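Engineer:
Protein chains: 2
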Amino acid sequence: MVGGGGEVRFVGEVESAGETSTILIYPEFCPGLLGVGGFSHLFVLYWMHMRDDEGHRRTLQVTPPRHEGAPLTGVFACRSPSRPNPIGLTVVELMGVDGCSLRVRGLDALEGSPIVDLKPYSPRGDSIPDARSPEWSEHGPPT
Amino acid sequence: MVGGGGEVRFVGEVESAGETSTILIYPEFCPGLLGVGGFSHLFVLYWMHMRDDEGHRRTLQVTPPRHEGAPLTGVFACRSPSRPNPIGLTVVELMGVDGCSLRVRGLDALEGSPIVDLKPYSPRGDSIPDARSPEWSEHGPPT
């Protein structure tokens, strides 16, 4: 492997998954949530643990299956869960905070997925309404 | 440590940093770039290697230094580079692709920062112009 790597520490997990999901942050990391309720949206970085194997991590090109008409595409040009690092990224709406537990809407992680990080969504820097994307990506699921 | 962890593989590095930055993807991962030029914006996930030590990784609350009036804030409620996992996330504008090299605008990584992942920015799912954020976060840098 070129270039080395790093160690990710899981800070929580997806306790239940659905239209609304519950994220549990482990007690030792819970102080990191101070003030999170001031944001309406968060980035959730999670570990796609079902894809953490050599076969999926060596996948570099896929035909995005849920996007009709999509061509063969590099994993850095789509949101394939098979990729060198099984890190998923979703913008979620924060519905509520109860101690170390967050209720969120829009998370596409599975139940049991480890949480890698939460970052507040800042519309000034993170919202690009006019961003261009290829025609195939405009159908099917948003990510 | 509760909950275990995972192994991140570096797929490239920031070759030069500035108003526009150059990202080099290592040759073995370069096929993952197929089709990336169809997107105007990308998420860059990078490893904040200067913060990859116990002191910074055990930091759970900070007073965001570049945001006047910011209160003590959990690292999951701000974009502090000191956090349990030193993963930075920035939306960049893709200016050009040349082989395994990307020219981007808006990256706040340092020269030499390892690249963890690139994901295409999809305005349908990733742009939330009306997201709410606390007053302190609306001054200073966007992230």
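From first to last, the protein sequence lines stand for chains A and B. So the first sequence is residues 1 to 143, counted in our numbering. So the second sequence is residues 144 to 286, counted in our numbering. C-beta: ideal position from N, C-alpha, C; glycine also. All values derive from a computational prediction rather than experimental measurement.
(1) Quick one: residues in its chain with C-beta nearer than 6 Å to the C-beta of A:Gln61, no 5 flanking neighbours on either side, listed in chain order?
(2) In three-state DSSP terms, what is B:Met191?
(3) Between the beta-carbon of B:Pro272 and the beta-carbon of A:Ser127, is there less than 8 Å?
(4) To the nearest angstrom, how far is the alpha carbon of A:Asp53 from that of B:Gly212?
(5) Would the beta-carbon of B:Glu162 fall within 8 Å of that of B:Gly255?
(6) Can you pull the chain B neighbours of A:Asp126, defined as C-beta to C-beta under 7 Å?
(7) Starting from the beta carbon of B:Val157, find every residue of chain A whose beta carbon is closer than 7 Å, and list them in chain order.
(8) Helix or strand or just coil, what does DSSP make of B:Ser159?
(9) List the residues of chain A whose Cβ lies closer than 9 Å to the Cβ of B:Glu150, in chain order.
(10) I need the DSSP call for A:Gly106, collapsed to helix, strand or coil.
(11) Tell me which residues of the stretch 111 to 125 of chain A have at least one Cβ-Cβ distance to chain B shorter than 7 Å, keeping chain order.
Structural biologist: Let me spell this out:
(1) Your numbering for residue 61 of chain A matches position 61 in the first sequence. Leaving aside the five residues that flank A:Gln61 on each side, the residues in its chain whose CB is nearer than 6 Å to its CB run, in chain order, Leu72, Gly74.
(2) Counting from one through the second sequence, the residue named residue 191 of chain B turns up at place 48. The answer is coil: DSSP assigns B:Met191 none of H, G, I, E or B.
(3) Position 129 of the second sequence, counted from the start, is the residue given in the question as residue 272 of chain B. Position 127 of the first sequence, counted from the start, is the residue given in the question as residue 127 of chain A. Closer than 8 Å, so yes.
(4) Numbered from its first residue, the first sequence carries residue 53 of chain A at position 53. Numbered from its first residue, the second sequence carries residue 212 of chain B at position 69. Using only the alpha carbons, I get a separation of about 45 Å.
(5) In the second sequence, counting from the first residue as 1, residue 162 of chain B sits at position 19. In the second sequence, counting from the first residue as 1, residue 255 of chain B sits at position 112. Not closer than 8 Å, so no.
(6) Position 126 of the first sequence, counted from the first residue, corresponds to residue 126 of chain A. Those within 7 Å of A:Asp126 in chain B are Val234.
(7) By 1-based counting over the second sequence, the position of residue 157 of chain B is 14. None at all; the shortest Cβ gap to chain A is about 12 Å.
(8) Your numbering for residue 159 of chain B matches position 16 in the second sequence. Per DSSP, reduced to three states, the secondary structure at B:Ser159 is strand.
(9) Against the second sequence, residue 150 of chain B aligns to sequence position 7. Ordered by position in chain A, the residues that pass the 9 Å Cβ test against B:Glu150 are Gly5, Gly6, Glu7, Val8, Asp52, Asn85.
(10) In the first sequence, the residue the question calls residue 106 of chain A occupies position 106. Coil, per DSSP.
(11) In summary, the residues of the stretch 111 to 125 of chain A whose CB is separated from some CB of chain B by less than 7 Å are Pro114, Val116, Asp117, Leu118, Lys119, Pro120, Tyr121, Ser122, Pro123, Arg124, Gly125, in the order they occur in the chain.
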